[in-house]
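Take a look at the structure set out below.
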Amino acid sequence: MEFDVVIVGGGPAGLCTAIHLAQSVERHNAEVERTGAGEKLSPEICLIEKAAEIGAHSISGAVLDPKALDALLPEWRTMQPKAPVEAEVHEDYALWLTEKGGMKFPITPPPLRNHGNFVVSLNKLVRWLGEIAEQKGIQIFPGFPGAVLQRDGDKVTGVQLADSGLDKNGEKKGNYEPGGILAAKLVVLAEGSRGSMTKQLVADLGLQGKNPQVYGIGVKEVWEVPKGQCPPGLVVHTMGYPLDSQTFGGGWVYGMGETEDGKNMVSVGLVVGLDYQDPTMDAHRQLQRMKLHPKVAPFLRGGKLLNYGAKSLPEGGLYSMPRHHGDGFVIVGDSAGLMNSMRLKGIHLAMRSGMLAAEAALACLRSGDFSAKGTAHYAEALQKDWVHDELWKCRNFHQGFHKGRLAGLVNAGFAQLFGGKGTLWSDELKSNAGHTYMKKVVDYFGGKGKPEVEKLPEDGTLTFDKLTSVYSSGTMHEEDQPCHLVVTEPDLCSTRCVEEFGNPCQHFCPAAVYEMEEKPGRKHGVDLKINASNCVHCKTCDIMDPYQVINWVTPEGGGGPNYQNL
Ligand SMILES: Cc1cc2nc3c(=O)[nH]c(=O)nc-3n(C[C@H](O)[C@H](O)[C@H](O)COP(=O)(O)OP(=O)(O)OC[C@H]3O[C@@H](n4cnc5c(N)ncnc54)[C@H](O)[C@@H]3O)c2cc1C
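Note that the sequence shown covers residues -16 to 549 in the numbering used here.
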């Protein structure tokens, strides 16, 4: 199938590219009609999404800065169908948590101030954007993962979709369908954090910026709680416990609105930097510990877990961005590393980058030039935009924490004080890929070895094991298909990794995908078992494996989580 523009990924970045491209073409054609100069355009535009439905793989905190939405759809507050906003933020504060107690910050740090912003559910917002894109004539194909980029040298020429109907050995079943090829003059990569095709392209063309990207993993639950316990529009951020001083991250409790059947919802979650040292770090477990904390538990008491999800997010900032344009392609949103980790916000940056990519796409359509020179319009526009200004002000935020929590906080305060003009250390703090910070068991725990994992109190009411959580994410995959978590050196897992890192995949995966099962005859009596059907597509394994031997590739279309309210 031939298209002018193929957009890969139906998150905020991809959908805003689609909507704004349709708007821009409408404006262009109206101008041609009015002036009689130039030619009208009628480009073929499609968007592919690996989830069965638009929004089913979307998860975020999510407090929305409406800046980009105001520019995209200035009338969004009064539009029908209504924009799915849960609540306007009316109160926000930050908590410093110690193991048993904590205190409110006397003033809310400026990056965490949210008055004027909105608590949303990203999957509802994305579904709404998807409907608007469809109304504007964009062809949307959910359930179609892009597997491999088609290339002619450095030029991207299209997308090959994933095959379906292969069994676990890769043999064709009765329902086999080969993945079709979508030829495109321009491919917009909007795959989100650690996009699988984007990762390959960045590596093949050497696009990575000054620093490698570093990520965080966000784990989140939505609860139904008694009314009044956490009012809609209350935004609370936490720092400190349950993370130690060497681990980047923080938590939140946001008061949401009501479900359609009147359930009062609260979002609670934790982000952990994927550049931690502890080989047993388990973000899912840390969230369970956080919920037991006396300052957090009261928000949830008497409530019920509704939904769970997890996803990675790019944390490296400006200096970790890849070159985001080239011959036949542009990269937008989280795939381009456009996340402000100081504010824990990326939705508005993803949306805005999509709009700027759409404007560049229009320029390419008009000139017929889709080469790197043509797509450079996007990079130039991003450089001049508020997106760049915002990221420049926090350009060393995450790297600062590699010197410890206190140093990181002082650095962030310094940047705030001087509006980003000054930073504590060199202007461009260097960092390494996140997995390189993980320590071996013997270096982290000394001779004692890995500690036993203790059962948490209140299991089944306030805290949950991973399998219960995965159930609440609605995750499903066709079981009989090739494993989409490709371990390129499987022998490592039952040999060196047991000895050196104690198989950290069992801990860092927030969905119990990786398990070491007993296997007599193996060197250490264990072997790796991959429960691929539990995978929530967070990509943590691809990022954090200490030997970098796990490659996350797209499974058959439609598989994965079925997020609601997240
Ligand atoms: C836990 C957490 C909390 C956050 N909190 C906030 C917050 O409060 N406020 C805020 O502004 N931001 C927040 N963010 C960041 C924000 O969610 C992201 O910056 C934003 O969603 C990025 O949008 P995107 O469109 O680039 O990517 P995504 O939202 O990740 O969308 C990418 C889409 O592409 C699809 N896709 C991926 N690969 C393929 C493929 N090969 N083929 C087809 N489809 C594919 C995915 O299924 C997905 O639907 C948070 C992030 C996390 C993880």
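From the three backbone atoms N, C-alpha and C, an ideal C-beta is built for every residue, glycine too.
Rounded to whole angstroms, how far is the Cβ of residue i from the Cβ of residue j, which I believe are closer than 8 Å?
{"i": "Ile31", "j": "Val109", "result": "About 14 Å; that fails the 8 Å criterion."}
{"i": "Thr181", "j": "Ser324", "result": "The Cβ separation is near 19 Å, so there is no contact."}
{"i": "Leu511", "j": "Cys476", "result": "4 Å"}
{"i": "Asn514", "j": "Thr471", "result": "Incorrect: roughly 19 Å between the Cβ atoms, too far for contact."}
{"i": "Leu(-2)", "j": "Leu112", "result": "4 Å"}
{"i": "Ala266", "j": "Leu253", "result": "6 Å"}
{"i": "Leu289", "j": "Val205", "result": "5 Å"}
{"i": "Gly141", "j": "Val103", "result": "Contact flag wrong, Cβ pair sits at about 33 Å."}
{"i": "His418", "j": "Ala359", "result": "Not quite, the Cβ-Cβ distance comes to about 33 Å (not below 8 Å), so this is no contact."}
{"i": "Phe481", "j": "Val536", "result": "Reading the sequence as shown, one finds Val at residue 481 and not Phe. Their Cβ separation, rounded to whole angstroms, is 25 Å, which puts Val481 and Val536 out of contact at 8 Å."}
{"i": "Pro215", "j": "Ala66", "result": "Incorrect: roughly 15 Å between the Cβ atoms, too far for contact."}
{"i": "His40", "j": "Lys50", "result": "24 Å between Cβ atoms; not a contact."}
{"i": "Arg60", "j": "Asp75", "result": "That belief does not hold up - the Cβ atoms of Arg60 and Asp75 are roughly 21 Å apart, past 8 Å."}
{"i": "Ile200", "j": "Leu257", "result": "6 Å"}
Assuming residue i is part of the alpha helix (DSSP H), what are its boundary residues?
{"i": "Thr451", "result": "449 to 454"}
{"i": "Gln118", "result": "105 to 118"}
{"i": "Ala186", "result": "179 to 188"}
{"i": "Leu475", "result": "474 to 477"}
When burial is assigned at 16 or more other CB atoms within 10 Å of the CB, is residue i buried or exposed?
{"i": "His276", "result": "buried"}
{"i": "His98", "result": "exposed"}
{"i": "Gln382", "result": "buried"}
{"i": "Lys151", "result": "exposed"}
{"i": "Arg268", "result": "buried"}
{"i": "Ala186", "result": "exposed"}
{"i": "Trp375", "result": "exposed"}
{"i": "Lys294", "result": "buried"}
{"i": "Ser350", "result": "exposed"}
{"i": "Tyr159", "result": "exposed"}
{"i": "Asp227", "result": "exposed"}
{"i": "Asp244", "result": "exposed"}
{"i": "Phe88", "result": "exposed"}
{"i": "Ala395", "result": "buried"}
{"i": "Ser176", "result": "buried"}
{"i": "Lys522", "result": "buried"}
{"i": "Met62", "result": "exposed"}
Kindly indicate the opening and closing residues of the beta strand (DSSP E) around residue i.
{"i": "Gln143", "result": "138 to 144"}
{"i": "Arg134", "result": "129 to 135"}
{"i": "Ser147", "result": "147 to 149"}
{"i": "Asn534", "result": "533 to 535"}
{"i": "Thr221", "result": "217 to 223"}
{"i": "Ile526", "result": "Looking at the DSSP string, Ile526 is not in any beta strand (DSSP E); the run it does join, the alpha helix (DSSP H), is 523 to 527."}
{"i": "Asn158", "result": "155 to 160"}
{"i": "Ile121", "result": "Premise fails: Ile121 is in no beta strand (DSSP E) and is neither H nor E."}
{"i": "Leu86", "result": "According to the sequence as given, residue 86 is Met; it is not Leu. Counting along the chain, the beta strand (DSSP E) containing Met86 begins and ends at 85 to 87."}
{"i": "Ala77", "result": "74 to 80"}
{"i": "Ala167", "result": "164 to 172"}
{"i": "Ala319", "result": "Taken as a continuous stretch (DSSP letters only), Ala319 belongs to no beta strand (DSSP E), as it is neither H nor E."}
{"i": "Ile(-10)", "result": "-15 to -9"}
{"i": "Trp206", "result": "198 to 207"}
{"i": "Glu539", "result": "Segment: none, Glu539 is in no beta strand (DSSP E) and carries neither H nor E."}
{"i": "Ala70", "result": "68 to 71"}
{"i": "Leu327", "result": "That residue, Leu327, is in no beta strand (DSSP E); it is neither H nor E in DSSP."}
{"i": "Leu468", "result": "468 to 470"}
Looking at residue i and ligand 2, is the gap between the Cβ and the nearest heavy atom below 8 Å?
{"i": "Ile31", "result": "Although ligand 2 was asked about, the structure shown includes only ligand 1 as ligands."}
Enumerate, from N- to C-terminal direction, the unbroken alpha helix (DSSP H) stretches of 4 or more residues contained entirely within the region 348 to 426. 355 to 367, 369 to 376, 380 to 383, 388 to 400
Which runs of the beta strand (DSSP E) at least 3 residues long sit entirely within the region 233 to 317? Give them in chain order. 247 to 256, 287 to 297, 312 to 314
Which ranges does the beta strand (DSSP E) cover as unbroken runs of at least 3 residues, wholly within the region 480 to 520, from first to last along the chain? 497 to 501, 509 to 513
Which runs of the alpha helix (DSSP H) fall wholly inside the region 17 to 55 and span at least 4 residues, in chain order? 50 to 55
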